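2 protein chains.
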Amino acid sequence: MKLLHTADWHIGRRLHGFDLTDEQQNAFDQIERIAQAEQVDGMIIAGDLYDRRLPSEASVAMVDEMLQKLNLVDQLPIYAVSGNHDSATRLATGTPWFKSTQLYLHTELSQAFNPVELADTQLFLCPYFEPFDAQQYFKDDSLQHLDQAFKRVVLEMKKKFDPAKKHLLVAHFFAAGSSTTDSETNLTVGGLAAVPTDLLTDFDYVALGHLHGKDALQTPTVRYSGSPVKFSLSEAKQEKGVWIVDTEKSPVALTFKPITPIHDVKQVTGSFDELMASTDDESIDHENYVGITLTDKQPIPNVMARLRDVFPRIVTLGRADGFEAQVRYQGESSQQIRQKSPMALLGDFYQKIAKEPLSPQQEKWAKTALKAAHEEETQA
Amino acid sequence: MKLLHTADWHIGRRLHGFDLTDEQQNAFDQIERIAQAEQVDGMIIAGDLYDRRLPSEASVAMVDEMLQKLNLVDQLPIYAVSGNHDSATRLATGTPWFKSTQLYLHTELSQAFNPVELADTQLFLCPYFEPFDAQQYFKDDSLQHLDQAFKRVVLEMKKKFDPAKKHLLVAHFFAAGSSTTDSETNLTVGGLAAVPTDLLTDFDYVALGHLHGKDALQTPTVRYSGSPVKFSLSEAKQEKGVWIVDTEKSPVALTFKPITPIHDVKQVTGSFDELMASTDDESIDHENYVGITLTDKQPIPNVMARLRDVFPRIVTLGRADGFEAQVRYQGESSQQIRQKSPMALLGDFYQKIAKEPLSPQQEKWAKTALKAAHEEETQA
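These protein sequences, in sequence, are chains C and D. The numbers in UniProt numbering rise by one with no breaks, and the one at position 282 of the first sequence is 282. The numbers in UniProt numbering rise by one with no breaks, and the one at position 69 of the second sequence is 69.
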């Protein structure tokens with residue numbers, strides 16, 4: 001059986017104020033074409049269809065249209081779960097009717113133990129859940145942490161295992177060993193909220209959602225698909241796409257199918273003058289969403305507006321080694337510092353931040369200013 | 001064919017701060033039992049399933065469960081439209097799947113012209129719409145008002161009329177001749193936003209939603225079902241329930257099936273002492289939601305808290321003929337008024353508001369107070 005594995009659509013998400021609707025629609029259209037070209041038998045969506053629990057009407061209409069397209073027009077079975085960004089209750093609307101066309105959308109832990117039974121495969125769809133939900137379901141207060149809870153969940157699933165079939169798991173959580181990026185906002189990194197991957201070895205394949213990079217886990221049978229769109233600068237170097245999972249092979253054969261964005265998300269580093277003069281540089285796509293790092297040290301008036309003439313989609317703007325945010329006076333006591341002259345203090349300060357001494361001209365300006373300030377103070 | 005006609009569930013609504021969830025669930029349970037006892041062939045829900053466009057998760061879960069109960073458990077066909085309180089977009093989620101079990105839920109004007117075809121009946125489901133939607137749909141800017149727009153809508157529906165069948169319309173709007181109550185908050189009363197009932201004579205029955213009283217229209221073939229629960233004090237005297245519509249008869253035969261609330265909504269009038277002493281009066285149900293009108297004229301300290309000991313569900317509290325809000329000095333010019341003594345002015349004022357002169361004791365208190373005020377003023 002051939003399945004397409006995607007996750008973390010986050011419909012409704014914005015990138016530092018930029019509307020990503022077109023990017024998300026473009027990525028969806030490519031996912032649909034990949035499914036058709038690969039003639040997959042079904043599609044896995046491993047949680048976070050929406051970016052927020054209370055999605056806008058536009059987001060609701062978009063997700064609804066996407067699911068209709070895949071399931072009703074393309075007649076593709078869908079195996080989906082809710083993620084931590086979804087409202088399980090809102091996503092659950094209408095789900096009993098969806099099964100008539102093989103759209104399975106599990107939003108409650110209790111549903112995880114009723115696998116979708118295919119001819120040669122059992123598909124366990126486990127929605128995002130908190131340890132508290134497992135405590136309630138199993139009536140067991142000892143399930144305090146996600147690893148404990150998930151161990152119990154797997155135990156329960158294994159009771160349903162049909163030894164004649166393959167066993168696939170769709171889930172949405174942080175698996176140990178994963179690397180993290182900025183855009184998994186609700187993530188608690190660390191042991192308490194993580195599932196060790198060794199709990200997942202009983203499955204022929206585990207299709208995960210939650211982390212946005214496909215390489216967050218490298219295990220052969222447990223993978224994140226990653227998001228189809230880059231949602232933060234920390235994802236700039238990631239390759240986005242979907243997995244095609246062939247369950248006939250043992251272990252399952254995985255092929256990554258990339259998705260090409262309309263505008264990519266990239267880091268750009270250079271001096272202000274270099275960047276302003278880069279319009280003819282074909283190695284730089286000025287239409288990308290860019291995080292710009294300037295190598296300049298001097299102040300640049302109206303810098304953002306001027307850079308936007310060349311890069312219309314600036315996401316962040318920073319300095320490589322310009323004005324430091326924090327200055328530490330190492331080796332000098334406050335007593336020593338208090339004995340220094342204002343001019344000496346200013347010189348030290350400039351040296352710390354700009355990594356070079358005041359120029360003779362700067363020193364002259366500073367002395368004039370300090371003198372004027374001193375005179376005003378004396379007169380007051 | 002036998003149909004149950006209900007509307008205006010307004011799930012999520014509160015009554016002056018009181019949670020109506022239990023009342024709404026109770027009314028729903030009775031509707032379900034009526035449908036079973038009457039062995040109806042289907043249920044009409046004529047709009048406003050939700051109270052607001054952005055319903056809470058609890059409301060979403062409640063409506064979802066109700067529709068599942070009726071359609072999937074009781075296997076009852078449902079013919080529903082969105083009302084002005086619903087979000088058409090949110091309500092539309094999943095609707096293409098619902099048709100597989102004969103749950104028809106129309107949320108867009110374009111759907112109004114594809115009737116549900118039953119053996120002997122065509123059911124036109126017309127969601128709430130604004131004249132602007134009709135302008136867009138018909139590409140006709142002349143459809144400025146609802147009566148113009150609806151005339152055009154009916155014309156379009158009649159093109160689809162099968163003369164061998166009966167024609168039923170489900171819609172949600174203000175029909176001319178209707179009386180209005182406080183709780184149709186978004187209603188524009190008057191000609192512009194009303195549909196004259198003579199536009200509706202081509203249908204064998206028109207099942208309306210929008211107004212909350214079943215008697216708002218008395219025409220034999222055009223009826224509001226009213227809401228199943230009282231949502232405001234202005235609905236205190238209404239009888240709540242559903243219509244059973246028998247389309248075999250000509251004209252259709254209508255039977256009203258009442259719904260009994262857990263706690264009714266009632267107006268209560270009496271003096272404070274009478275009401276406080278009414279605990280043994282079995283003609284008064286103290287558990288009702290009550291709008292209390294006091295006949296007393298004098299101030300009553302801590303009146304609300306004391307009344308709540310006897311009536312735990314007070315919705316409003318007013319005075320029958322106590323302190324008037326507005327006082328008009330008829331017949332006296334401002335010149336005449338200015339020449340009156342403070343004591344005379346106070347006496348006039350009290351007479352106007354309390355409808356009786358100051359008592360000797362009150363006059364004595366007033367004189368003492370005025371004297372003290374005058375002394376303070378002179379010293380200052």
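We put the beta carbon where it would ideally sit given N, CA and C, even for glycine. Owing to the predicted nature of the structure, the values given are computational and were not obtained by experimental measurement.
In chain order, 97, 100 make up the part of chain D whose C-beta sits under 7 Å from the C-beta of residue 100 (chain C).
Shortest Cα-Cα distance from residue 269 (chain C) to any of C:85, C:319, C:305, C:243 involves C:319. Judged by DSSP in its simplified three-state form, residue 364 (chain C) adopts helix.
According to the DSSP secondary-structure assignment, residue 121 (chain C) is paired through a beta bridge with C:166. Counted as a single uninterrupted DSSP element, the beta strand (DSSP E) harbouring residue 243 (chain C) occupies residues 241–246. Taking a C-beta cut-off of 7 Å against chain D, the contacting residues of the region 55–74 of chain C are 57, 60, 61, 64, 68, 72, listed in chain order. Beta-bridge partners of residue 269 (chain C) (DSSP): C:293.
Straight across, the Cα-Cα distance linking residue 12 (chain D) with residue 217 (chain C) is about 44 Å. For the region 82–168 of chain D, the continuous beta strand (DSSP E) assignments of 3+ residues that do not extend past its boundaries occur at 103–106, 121–125, in sequence order. C-alpha of residue 82 (chain D) to C-alpha of residue 16 (chain D): approximately 25 Å in a straight line. Only residues of its own chain outside the window of five on either side were considered, and among them 35, 40, 42, 43, 70 have a CB closer than 8 Å to the CB of residue 76 (chain C), listed in chain order.
According to the DSSP assignment, residue 4 (chain D) belongs to the beta strand (DSSP E) that extends over 2–6. The beta carbon of residue 110 (chain D) lies closer than 7 Å to those of 137 in the same chain, with the five residues before and after it left out. In the three-state scheme derived from DSSP, where H, G and I count as helix and E and B as strand, residue 206 (chain C) is classed as strand.
Considering only C:206, C:238, C:237, the residue with the shortest C-alpha distance to residue 223 (chain C) is C:206. For residue 338 (chain D), the secondary structure class from DSSP, reduced to helix, strand or coil, is helix.
With respect to the 8 Å criterion, residue 131 (chain C) and residue 146 (chain C) are classified as neighbours on the basis of their beta carbons. The C-beta distance from residue 241 (chain C) to residue 8 (chain C) rounds to 12 Å, too long to meet the 8 Å contact threshold. Residue 87 (chain D) and residue 54 (chain D) have their C-alpha atoms roughly 7 Å apart. A residue is called buried once 16 or more other Cβ atoms fall within 10 Å of its Cβ, and residue 304 (chain D), having fewer, is exposed. With respect to the C-alpha of residue 250 (chain C), the residue from C:167, C:91, C:354, C:90 having the closest C-alpha is C:167. In this structure, the straight-line span from the alpha carbon of residue 354 (chain C) to that of residue 342 (chain C) is close to 18 Å. In the three-state scheme derived from DSSP, where H, G and I count as helix and E and B as strand, residue 311 (chain C) is classed as coil.
Here the alpha carbon of residue 10 (chain D) sits roughly 25 Å from the alpha carbon of residue 52 (chain C). Assignment of residue 347 (chain C) by DSSP, reduced to helix, strand and coil, places it in the helix class. Residues 295, 296 of the same chain have their beta carbon placed closer than 6 Å to that of residue 271 (chain D), with the five preceding and five following residues left out of the count. Straight through space, the alpha carbons of residue 105 (chain C) and residue 89 (chain C) are spaced by roughly 12 Å. Using a Cβ distance threshold of 8 Å, residue 195 (chain D) and residue 150 (chain D) count as a contacting pair. The beta-bridge partner set that DSSP reports for residue 275 (chain C) is empty. Annotated three-state conformation of residue 29 (chain D) is helix, per DSSP. The contact set of residue 87 (chain C) on chain D, defined by CB atoms closer than 9 Å, consists of 57, 60 in chain order.
Bridge pairing for residue 222 (chain C): C:206 [DSSP]. For residue 358 (chain C), same chain residues with a beta-carbon under 7 Å away, outside a window of 5 residues either side, are 347, 350, 366 in chain order. According to DSSP, residue 43 (chain D) shares a beta bridge with D:4, D:78. With a threshold of 8 Å between beta carbons, residue 92 (chain D) makes contact with chain C. For residue 203 (chain D), the closest C-alpha among the options D:313, D:262, D:172, D:161 is that of D:161.
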